[in-house]
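Asker: Chains as they are written, first to last, in this note's numbering: chain A, 16 to 190; chain B, 16 to 190.
Protein chains: 2
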Amino acid sequence: MALTTETVADAAMRILADFGLGDLTMRRLARDLGVQPSALYWHVADKQSLLVLLAGRMAAQADDLARRTPDQDRLTSTIDAIAAYRDVLLRYRESADIVLLAYAHSGRSVLPAVLTDLDEVVRGSVIPFVLGSIAIQQNRHLVADDHAPPSRTPGGPDEHAEASFRTGLTRLLTP
Amino acid sequence: MALTTETVADAAMRILADFGLGDLTMRRLARDLGVQPSALYWHVADKQSLLVLLAGRMAAQADDLARRTPDQDRLTSTIDAIAAYRDVLLRYRESADIVLLAYAHSGRSVLPAVLTDLDEVVRGSVIPFVLGSIAIQQNRHLVADDHAPPSRTPGGPDEHAEASFRTGLTRLLTP
DNA sequence: ACCTGAACACCGTTCAAGT
DNA sequence: ACCTGAACACCGTTCAAGT
Chain A
16 MALTTETVAD
26 AAMRILADFG
36 LGDLTMRRLA
46 RDLGVQPSAL
56 YWHVADKQSL
66 LVLLAGRMAA
76 QADDLARRTP
86 DQDRLTSTID
96 AIAAYRDVLL
106 RYRESADIVL
116 LAYAHSGRSV
126 LPAVLTDLDE
136 VVRGSVIPFV
146 LGSIAIQQNR
156 HLVADDHAPP
166 SRTPGGPDEH
176 AEASFRTGLT
186 RLLTP
Chain B
16 MALTTETVAD
26 AAMRILADFG
36 LGDLTMRRLA
46 RDLGVQPSAL
56 YWHVADKQSL
66 LVLLAGRMAA
76 QADDLARRTP
86 DQDRLTSTID
96 AIAAYRDVLL
106 RYRESADIVL
116 LAYAHSGRSV
126 LPAVLTDLDE
136 VVRGSVIPFV
146 LGSIAIQQNR
156 HLVADDHAPP
166 SRTPGGPDEH
176 AEASFRTGLT
186 RLLTP
């Protein structure tokens, strides 16, 4: 069966989730797809634009989740939607680093609607806070053990990270 | 004259400031120092620990600046010191990405005193915000033009970035 | 103690050529 | 239209051997 941009992106997402950015090379990706590395360049321009694609997929996943969630208070629904985006990013190793790059490269199109729909001035601090927080937590995991799944044990440092994330977020969102 | 860890770090800082992380390779660094790549490994364990060294230098620069500044109001002196750290980081391309990594790898020792001395709960949101904000701005510069000096024209987007940085910071620091 | 030379195991990307 | 094969110009790191 012929390769498509979608199957390439799918395989890339799987590598990212299971092994991380260090293993997400064009050569490894090609090997997983049973194809020569050069074949990938028919479907994606280069590695950069592949990463932009991946960032967009994560945003889409978060948008989907947000749609399936009942409308509540304006503020808490915003916070919950951002927390859902965070959960999505935490499924893919080093995803915050990727989004940080993709966001600089392609602008708000790689972010979920919750973030892009924010008022300009609060957006200016919320986006850095969200991506910075996730990047730090992911890098910490990265160095803690280079190749274990980022499992979340209750009461561990991850829950503290989530609590601290929500309080900081609330602070930036309430006038 | 013999190489030292310091001269290696100095050369690395210069490459980072002038050309960016993409040009900061062990081989390029060795070439600039007139030495074989393998020689570097006598002075630094690996590239990772060199980056940690660089992050520490930037923190030290910010600490120096903070010491030379007169004591004012508790809050405004904190904000000024963090802004000074931001100014230091903005002198070195992709420095926020480096600090993000180094911070995960080596903890608070790579950060300036203003940040490490913060109360734990506010520190948990201020550090992500600071590093996230700077990373975004730097990556934007990176993609805007791959090899121009990040000059700051008055009234440009950089001043907006600084203003937005200060307001977000104030929000996170005032109870 | 400090550095060279050579090697190992990789990268991303291009491009003629095949089907 | 889609992919192979081969090449180009790189990486970080190790390690015996030199001085």
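The beta-carbon is built from N, C-alpha and C at its ideal position, and this holds for glycine as well.
None of these values were measured; they are calculated from a predicted model.
Shorter than 8 Å from the beta carbon of B:Pro52 to some beta carbon of chain A?
Answerer: no
Asker: Do you know how far the Cα of B:His58 is from the Cα of B:Thr19?
Answerer: 6 Å
Asker: For B:Val141, name the three-state secondary structure that DSSP assigns.
Answerer: helix
Asker: Report the three-state DSSP secondary structure of A:Ser166 (helix, strand or coil).
Answerer: coil
Asker: Are the C-beta atoms of B:Ser148 and some chain A residue less than 8 Å apart?
Answerer: yes
Asker: Determine the DSSP secondary structure at A:Gln51, reduced to helix, strand or coil.
Answerer: coil
Asker: For the stretch 100–128 of chain B, which residues have a beta carbon sitting closer than 7 Å to at least one beta carbon of chain A?
Answerer: Leu115, Leu116, Tyr118, Ala119 and His120
Asker: To the nearest angstrom, how far is the alpha carbon of A:Thr91 from that of A:Ala159?
Answerer: 33 Å
Asker: Please state the DSSP three-state secondary structure of B:Thr20.
Answerer: helix
Asker: Helix or strand or just coil, what does DSSP make of B:Gln87?
Answerer: coil
Asker: Whose C-beta lies closer than 6 Å to the C-beta of A:Asp180 among residues of the same chain, with five residues either side of it excluded?
Answerer: For the record, residue 180 of chain A in the displayed sequence is Phe; it is not Asp. If the five residues before and after A:Phe180 are omitted, its C-beta is found closer than 6 Å to the C-beta atoms of Ser148, all from its own chain and listed in chain order.
Asker: For a test of the three-state rule: what should DSSP assign to B:Phe180, helix, strand or coil?
Answerer: Three-state DSSP puts B:Phe180 in a helix.
Asker: Check this for me: beta carbons of B:Ala45 and B:Leu55, under 8 Å apart or not?
Answerer: Yes, these two residues count as a Cβ contact at 8 Å.
Asker: Output needed for A:Ala150: all residues of its chain with C-beta closer than 7 Å, excluding positions within five of it in sequence on either side, in chain order.
Answerer: Ala111, Asp112 and Leu115
Asker: Against chain B, with Cβ distances strictly below 8 Å, would A:Pro85 count as a contact?
Answerer: no
Asker: Quick check: the stretch 61–81 of chain B against the stretch 120–127 of chain B, are there 3 or more CB pairs under 8 Å?
Answerer: yes
Asker: Which word fits A:Val103, buried or exposed, when buried means at least 16 other C-beta atoms lie within 10 angstroms of its C-beta?
Answerer: buried
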